[in-house]
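Inspection log for the structure reproduced underneath, given as structure tokens.
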Amino acid sequence: MSENSVESVEKVKVRLAIYDRASSLRKDGNRPFIHPADVSGRFTTLRRVVFYVLIAVWAALPWIRIQGRPAVFLDVEARRFFLFGGSFDATSFWLVWFLLTGVLFSLLLTTTTLGRVWCGYACPQTVFLEGVFRRIERLFEGNRNERIARDQAPMSWSKALRRTGKHATYIVSALFVSHVFVAYFVSIPSLMQMMTRSPAEHPYAFVWCFAVGAILYGNFAWFREQLCLIVCPYGRLQSVLLDDDSAVIGYDEKRGEPRGKGKAKPGETRGDCVDCNRCVVVCPTGIDIRNGLQVDCVACAQCIDACDDVMDRLHKPRGLVRYDSLRGLRGEAKRFWRPRVFFYGIAGVVLVGTAGFFLTTRNDVEARILRLRGMPYVVEETTIRNAFEVHLVNDGDRARTFEVEATLQGVEGTVTTGDGDDAVETFEVPPWTDRRLTVVVRAARDSFRTGGVVHVDVAVGRETRELQAPVLGPARTSRAQTPPGDG
Ligand code: SF4
Ligand code: SF4
169 MSENSVESVE
179 KVKVRLAIYD
189 RASSLRKDGN
199 RPFIHPADVS
209 GRFTTLRRVV
219 FYVLIAVWAA
229 LPWIRIQGRP
239 AVFLDVEARR
249 FFLFGGSFDA
259 TSFWLVWFLL
269 TGVLFSLLLT
279 TTTLGRVWCG
289 YACPQTVFLE
299 GVFRRIERLF
309 EGNRNERIAR
319 DQAPMSWSKA
329 LRRTGKHATY
339 IVSALFVSHV
349 FVAYFVSIPS
359 LMQMMTRSPA
369 EHPYAFVWCF
379 AVGAILYGNF
389 AWFREQLCLI
399 VCPYGRLQSV
409 LLDDDSAVIG
419 YDEKRGEPRG
429 KGKAKPGETR
439 GDCVDCNRCV
449 VVCPTGIDIR
459 NGLQVDCVAC
469 AQCIDACDDV
479 MDRLHKPRGL
489 VRYDSLRGLR
499 GEAKRFWRPR
509 VFFYGIAGVV
519 LVGTAGFFLT
529 TRNDVEARIL
539 RLRGMPYVVE
549 ETTIRNAFEV
559 HLVNDGDRAR
569 TFEVEATLQG
579 VEGTVTTGDG
589 DDAVETFEVP
599 PWTDRRLTVV
609 VRAARDSFRT
619 GGVVHVDVAV
629 GRETRELQAP
639 VLGPARTSRA
649 QTPPGDG
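First residue of the sequence shown: 169, per the numbering used here; consecutive thereafter.
Below is the structure:
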């Protein structure tokens, strides 16, 4: 067996050993608490900017009002959602479906082209863990070495005080996050009111705030990377979403190997990796990127910044660990356009575009006419009765006056609206509510011919809607015939 093949077998053995267990488990099955080392660099700076912009937008959204409505308000109690000026109820769910599936395909497209950029830069787990909770830990407990030493040290006054301060700040931060979260469902004015009153007056909101705060505290204080490694379904999907052309964070094995510490012996060939382990100790999921692309890598780019820093000190070119495709890391030609990029791209554009079109052309006022359930018509002594329901929706933030006028065309008889005997009705519909109005047609039985219609004109301010429905009955009736729905 050649020296090279012996080396390859050894590498495969190492990799199999790695995949034998989760990266965050020790051989004995225990979980080592990961303390990533501090790192600085261009990607770390970029991520911090993205984190704080996202946190600011998220905390500000419940306060912002668009056209008098909250920018984002999921009013579960009234089953109505407000999204950037639009309001939706259960009947608009089809629109939200277009929007959500469009966003899903956009995320698939992003993953296929840019890899797990969502995980590294925008996932709430990463944003709050790296942007808030790890910063708090750093403040109270110091750098990686200090934290590890304190973990192993016996309890002391200094350790107890630091731990108490850290966990108290965690709890306050988790409760702040849970209150903003609940504000998306109850609105900021209601939340403010609740905070000044007894929890007994709003038990559900109180329990939600408490439960979400407790889950966040447990997650960010203890569970941390385990959420990405064993809970998150998106992370598990990476093996099917990524291909050899997706941008991933990878180690340039051709350039880095054979790795080695210290000076090379005479005649020994060395790659650029000096085996300093910096890329490993900064990793928040505890993996070694030099073992290849792993499902546990959340693409945080900390190992890129760490290795670039090492390369700068050694006066070697950056990029031993870098963003590249697997094909690029192997030194092969890269491709951007692949069938899946076309498919996800077209699906995302069509779905988001459809949702956008209907959202922008949607009107605050809707009017529909439907035949009442049951018999399509009823043959009476001298008339044929058809009953309809006009459904009027006011999706605006102010009350509107609806004027409804019903007339008959191609049929002799009378038409009435509502409870009265008139064919005209005027009434006010409060904001974000609807009203149903009955329209009854009594067609003269003797002269009835099919083909007649009832017209309903709905006027709201300057807008008008023209509705129409056929008046049904037997094609030709006489008193001797047995009517289909007599009574
Ligand atoms: S930081 Fe760079 S040089 Fe150091 S071990 Fe990692 S890959 Fe090798
Ligand atoms: S391997 Fe690198 S990019 Fe992946 S999680 Fe670890 S530090 Fe982040």
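Built from N, CA and C at the ideal position, the CB exists for glycine as well.
- Checking the 7 Å criterion, the Cβ of V350 is out of range of every heavy atom belonging to ligand 1.
- Excluding residues up to 5 positions away in sequence, S255, F256, D257 and W600 lie with their Cβ nearer than 8 Å to the Cβ of R248 in the same chain.
- Checking the 7 Å criterion, the Cβ of A469 is within range of a heavy atom belonging to ligand 2.
- Distance from the CA of F250 to the CA of W265, rounded to the nearest whole angstrom, comes to 15 Å.
- Annotation note: the segment 354 to 430 contains the following uninterrupted alpha helix (DSSP H) runs of length 4 or greater, listed N- to C-terminal: 356 to 363, 371 to 386, 401 to 404, 406 to 409 and 421 to 424.
- About 12 Å separates the beta carbons of W226 and V300, which is beyond the 8 Å limit, so they are not a contact pair.
- Relative to the non-hydrogen atoms of ligand 2, the Cβ of I457 comes within a distance shorter than 7 Å of at least one.
- Between M479 and R490, the gap from beta carbon to beta carbon reaches 8 Å or more.
- With the rule of 3 Cβ pairs closer than 8 Å, the segment 493 to 501 counts as touching the segment 408 to 415.
- At a cut-off of 7 Å, the beta-carbon of V466 does not count as near ligand 1: no heavy atom of the ligand is closer than that.
- Given a length threshold of 3 residues, each whole run of the beta strand (DSSP E) inside the segment 545 to 573 is given here in chain order: 551 to 562.
- In terms of side-chain proximity, the C-beta atom of R215 is found no nearer than 7 Å to any non-hydrogen atom of ligand 1.
- A residue is called buried once 16 or more other Cβ atoms fall within 10 Å of its Cβ, and S341 is buried on that count.
- Straight-line spacing of the CA atoms in R458 and E314 works out to 26 Å.
- Between the alpha carbons of C447 and R312 lies a gap of roughly 14 Å.
- F211 is classed as buried because its beta carbon has at least 16 other beta carbons within 10 Å across all chains shown.
- Between ligand 2 and the CB of C377, the shortest heavy atom gap is not smaller than 7 Å.
- DSSP places L461 in no alpha helix (DSSP H); its state is neither H nor E.
- Taking E596 as the centre and dropping the five residues before and after it, the same chain places the C-beta of A567 and T569 closer than 6 Å to its C-beta, in chain order.
- Between F241 and E298 a beta carbon distance of about 29 Å is seen, past the 8 Å cut, so the two are scored as non-contacting.
- If only uninterrupted alpha helix (DSSP H) runs of at least 4 residues are considered, those enclosed by the segment 431 to 486 are 446 to 449 and 470 to 481.
- Going by beta carbons, W286 and L272 fall outside the 8 Å limit.
- The criterion of a C-beta distance shorter than 8 Å is satisfied by P452 and V466.
- Residue pairing from DSSP places S255 in a beta bridge opposite F250.
- Under the three-state reduction of DSSP output, P638 falls in the strand class.
- Taking 8 Å as the upper bound for CB-CB distance, A368 and L359 are not in contact here, some 17 Å apart.
- For R438, the closest C-alpha among the options P292, P426 and L488 is that of P426.
- For R210, the Cβ stays outside the 7 Å cut-off from all heavy atoms of ligand 1.
- Taking a 10 Å sphere around the C-beta of D476, we find 16 or more other C-beta atoms and assign the residue as buried.
- When the five nearest sequence neighbours on each side are left out, the beta carbons in the same chain lying within less than 7 Å of the beta carbon of T584 are those of D590, A591 and V608, in order along the chain.
- In the three-state scheme derived from DSSP, where H, G and I count as helix and E and B as strand, F241 is classed as strand.
- Boundaries for V264: no beta strand (DSSP E) harbours it, while the alpha helix (DSSP H) harbouring it runs F261 to L282, taken from the DSSP string.
- About 4 Å separates the CB atoms of Q470 and V450; that is less than 8 Å, so the two are in contact.
- Look at V416: its beta carbon is at least 7 Å from all of the heavy atoms in ligand 1.
- When distances are taken from the beta-carbon of Y419 to the heavy atoms of ligand 1, the shortest one is below 7 Å.
- At least 8 Å separates the beta-carbon of V639 from that of V624.
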